[in-house]
Amino acid sequence: MRKKKEIRTYIGQHFQTMTSDEREKRGRLLHEELYSDKIWKDAGVIATTIDTYREVPTRDLIERAWAENKQVVIPKTEVKSHALMFYSLSSFSKLKQMGHGLLEPDPARCAFVPEDELDLVIVPGVAFNVAGYRIGFGGGYYDRFLGCYKGPTVSFAFSFQMFSRLPIESHDIPVQRIVAENP
Ligand SMILES: Nc1nc2c(c(=O)[nH]1)N(C=O)[C@@H](CNc1ccc(C(=O)N[C@@H](CCC(=O)O)C(=O)O)cc1)CN2
Ligand SMILES: Nc1ncnc2c1ncn2[C@@H]1O[C@H](COP(=O)(O)OP(=O)(O)OP(=O)(O)O)[C@@H](O)[C@H]1O
């Protein structure tokens with residue numbers, strides 16, 4: 002079984018071999034599967050992240066949610082406490098580039114949304130298994146968050162992000178549903 006760091010490097014390299022068009026196209030196919038699901042239809046408030054080029058895309062899903070009059074919330078990382086704070090995003094222009102390279106909502110221009118208002122949380126990840134266990138970028142932010150959040154959770158995975166064996170630690174909490182490509 003490979004170590005987390007090796008898996009992160011391997012997946013990052015695989016993403017680099019994909020064109021952004023391919024990434025977008027394959028991402029949309031995964032998203033379509035969620036749009037027809039009850040957990041999407043029932044959700045008024047959806048939490049997701051702003052994708053990097055090493056992740057399944059999220060921007061078209063955010064636009065779809067806005068078009069369906071859903072509220073989209075994006076986490077901001079609290080570095081000291083390793084907590085995620087969610088803010089409502091109404092436009093991509095209200096994002097701010099952070100030192101760690103990710104785009105986060107600008108709290109000066111986005112409203113804070115408490116965790117208990119989230120109807121569906123789309124959890125980012127690097128690698129997954131069918132049981133919903135995941136490896137992230139290593140901040141432990143979602144592991145901590147998922148320890149408290151009890152609502153529906155889902156992650157998207159390209160086929161190369163699915164592993165039959167993953168190093169799982171006691172603090173890891175699985176997502177309820179993985180929407181993955183058919184291998
Ligand atoms: N697009 C996207 N946004 C996201 C996440 C994600 O996985 N994807 N997150 C998912 O959690 C949160 C941010 N996660 C982060 C994880 C690590 C570091 C970070 O600074 N890492 C250090 C190394 C830390 C270590 O080695 O322990 C670094 O890069 O220097 C920052 C943010 C929230 N937003
Ligand atoms: N519930 C928790 N309470 C305290 N520390 C935690 C918890 N979950 C994870 N950690 C710590 O956070 C660090 C990163 O954890 P891990 O490598 O599992 O992150 P990850 O799953 O890749 O990241 P993320 O959850 O942000 O996507 C580890 O040092 C781990 O011990």
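Per the numbering used here, the sequence shown starts with residue 2, numbered consecutively. Where is the CB? At the ideal position from N, CA and C, for every residue including glycine.
Remark: C-beta atoms of residue 149 and residue 116 approach each other more closely than 8 Å.
When the beta-carbon positions are compared, residue 4 and residue 168 come within less than 8 Å of each other.
Of all C-beta pairs linking the segment 64-82 to the segment 42-49, three or more are shorter than 8 Å, placing the two stretches in contact. Per DSSP, residue 10 is one residue of the alpha helix (DSSP H) stretching across 5-17. For residue 37, there is no enclosing alpha helix (DSSP H), since its DSSP letter is neither H nor E. For residue 51, the distance from the CB to the nearest heavy atom of ligand 1 is below 7 Å. In this structure, the C-beta of residue 164 stays at least 7 Å away from each heavy atom of ligand 2. Closest by C-alpha distance to residue 98, out of 130, 52, 163, 56, is 52. Residue 56 has its CB nearer than 7 Å to a heavy atom of ligand 1. The secondary-structure analysis by DSSP pairs residue 75 across a beta bridge with 88. In the DSSP assignment, residue 181 falls within the unbroken beta strand (DSSP E) covering 178-181. Under the DSSP definition of a beta bridge, residue 154 partners with 122. Considering only 35, 170, 159, 164, the residue with the shortest C-alpha distance to residue 65 is 35. Separation of residue 100 and residue 144 (C-alpha to C-alpha, rounded to the nearest whole angstrom) is 22 Å.
The Cβ-Cβ distance between residue 88 and residue 75 falls below 8 Å. Cβ atoms of residue 135 and residue 124 come within 8 Å of each other, at about 7 Å. In the DSSP assignment, residue 163 forms a beta bridge with 129.
Relative to ligand 1, the beta carbon of residue 78 is positioned inside 7 Å of a heavy atom.
Ligand 2 never approaches residue 3 closely enough for any of its heavy atoms to be under 7 Å from the residue's Cβ.
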